[in-house]
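Below is one structure, written out as structure tokens; the observations come after it.
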Amino acid sequence: MATGDLSQTTVDLLAIAAHRDDVEQTCGGTLLVQQSLGWRTGILDLTQGESGTRGTAEDRAREAAEAARILRVSHREALDLPDGNVENTRENRLKIAAVLRRLRPRVVILPYWQGRHPDHYTTATLGYEGCFAACLAKLDLAPEYGAPHRPYKILYASLYADVRPTFVVDIAAHMETRLGSLLAYRSQYGNQQTGSGLFVPEDDIRERTFSTARHYGLLAGVRYAEPFVQREVSLVSDLMMLPVQSI
Ligand SMILES: [Zn+2]
Numbered sequence: 010m011a012t013g014d015l016s017q018t019t020v021d022l023l024a025i026a027a028h029r030d031d032v033e034q035t036c037g038g039t040l041l042v043q044q045s046l047g048w049r050t051g052i053l054d055l056t057q058g059e060s061g062t063r064g065t066a067e068d069r070a071r072e073a074a075e076a077a078r079i080l081r082v083s084h085r086e087a088l089d090l091p092d093g094n095v096e097n098t099r100e101n102r103l104k105i106a107a108v109l110r111r112l113r114p115r116v117v118i119l120p121y122w123q124g125r126h127p128d129h130y131t132t133a134t135l136g137y138e139g140c141f142a143a144c145l146a147k148l149d150l151a152p153e154y155g156a157p158h159r160p161y162k163i164l165y166a167s168l169y170a171d172v173r174p175t176f177v178v179d180i181a182a183h184m185e186t187r188l189g190s191l192l193a194y195r196s197q198y199g200n201q202q203t204g205s206g207l208f209v210p211e212d213d214i215r216e217r218t219f220s221t222a223r224h225y226g227l228l229a230g231v232r233y234a235e236p237f238v239q240r241e242v243s244l245v246s247d248l249m250m251l252p253v254q255s256i
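Numbered according to my numbering, the sequence shown spans residues 10 to 256.
Right, here's the structure in full:
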């Protein structure tokens, strides 16, 4: 079921995305922030990139492993859902639940539930329902996948979506590393002829990455940031400690 396992231990935070390089584009800086705070981070890609215009699934596996090393994640693996046809089926929910029971993350990051690419917005619902399935005691999943597990917090990385974030994460200290993880996907971003009308040339990746992060940083008075949406209301214990200046 899974390929590219880097370890079999648990993680504190798991980012789930449809495609290899989605996490690098939407929340790679946040994974670096959390890792630098001492948490174990991981990535679950649902597809292996076999339908991409550029590069093979093998190319993308190699690139994903290199990006994982740059992002300093403890674990990365890919499921075998068809690239370009991610569907919210019982079988796919079980596949995700099995990974969640094994890795046991407290926080799960999913893509935002609206967007241009069906794989992205389908992954939001599929991932949420996979989390829900993972905590069901009577789920039809063999005991070797581990005991039921309920992630405490589910967040949605909203950088692909035109939506106002609930909060942003300051990633200023990690911008160069985050960019490096994206550029690890040489088959997607290297300057080349195949699909040159569809893909952003490498020269533009840096400007695009920094200007998007700058936009979200400005919303919160920091230099560079990544945006997230959470469905729950935020709880505050001390008004004096609230960040982000009003006027
Ligand atoms: Zn994608």
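Note that the Cβ used here is the ideal one computed from N, Cα and C, for glycine as well.
Please say whether residue j and residue i have beta carbons closer to each other than 8 Å?
i, j, result
"HIS84", "GLY51", "yes"
"ARG102", "LEU135", "yes"
"TYR130", "GLY139", "no"
"ASP128", "HIS224", "no"
"VAL20", "LEU112", "yes"
"ALA143", "ARG110", "yes"
"PHE237", "ALA182", "no"
"THR335", "VAL95", "Limits of the chain in this structure are 10 at one end and 256 at the other, which puts residue 335 out of reach."
"ARG63", "SER190", "no"
"VAL245", "ALA229", "no"
"VAL178", "GLY47", "no"
"ALA193", "ILE25", "no"
"LEU53", "VAL116", "no"
"THR56", "ASP92", "yes"
"PHE219", "MET249", "no"
"GLN239", "LEU164", "yes"
"LEU88", "LYS104", "yes"
"TYR198", "ILE180", "no"
"GLN44", "ARG81", "yes"
"PRO157", "LEU22", "no"
"TYR121", "ALA170", "yes"
Based on the DSSP secondary-structure assignment, which residues constitute the bridge partners of residue i?
i, result
"LEU150", "DSSP lists no partner for LEU150."
"ILE163", "VAL117"
"VAL238", "TYR165"
"ARG85", "ILE52"
"ASP128", "ASP128 is not bridged to any residue."
"ILE25", "LEU53"
Please determine whether the Cβ atom of residue i lies at a distance below 7 Å from any heavy atom of ligand 1.
i, result
"ASP128", "yes"
"ASP31", "yes"
"HIS28", "yes"
Where does residue i sit, in a helix, a strand or coil, going by DSSP?
i, result
"ASP92", "coil"
"VAL178", "strand"
"SER246", "coil"
"LEU109", "helix"
"GLN254", "coil"
"LEU188", "helix"
"ASP171", "coil"
"GLU216", "helix"
"SER60", "coil"
"ALA229", "coil"
"TYR198", "helix"
"CYS144", "coil"
"HIS158", "coil"
"ALA11", "Note that ALA11 scores a pLDDT of 45, beneath 50, so its modelled location is shaky and nothing firm can be said."
"LEU80", "coil"
"ASN101", "helix"
"THR134", "helix"
"PRO221", "Here the sequence assigns Thr to residue 221, which means Pro is not the residue at that position. In the structure shown, THR221 sits in a helix (DSSP, three-state: H, G or I)."
"ALA193", "coil"
Length at least 4, wholly inside the segment 29-53: the alpha helix (DSSP H) runs in chain order: 31-35 and 37-45
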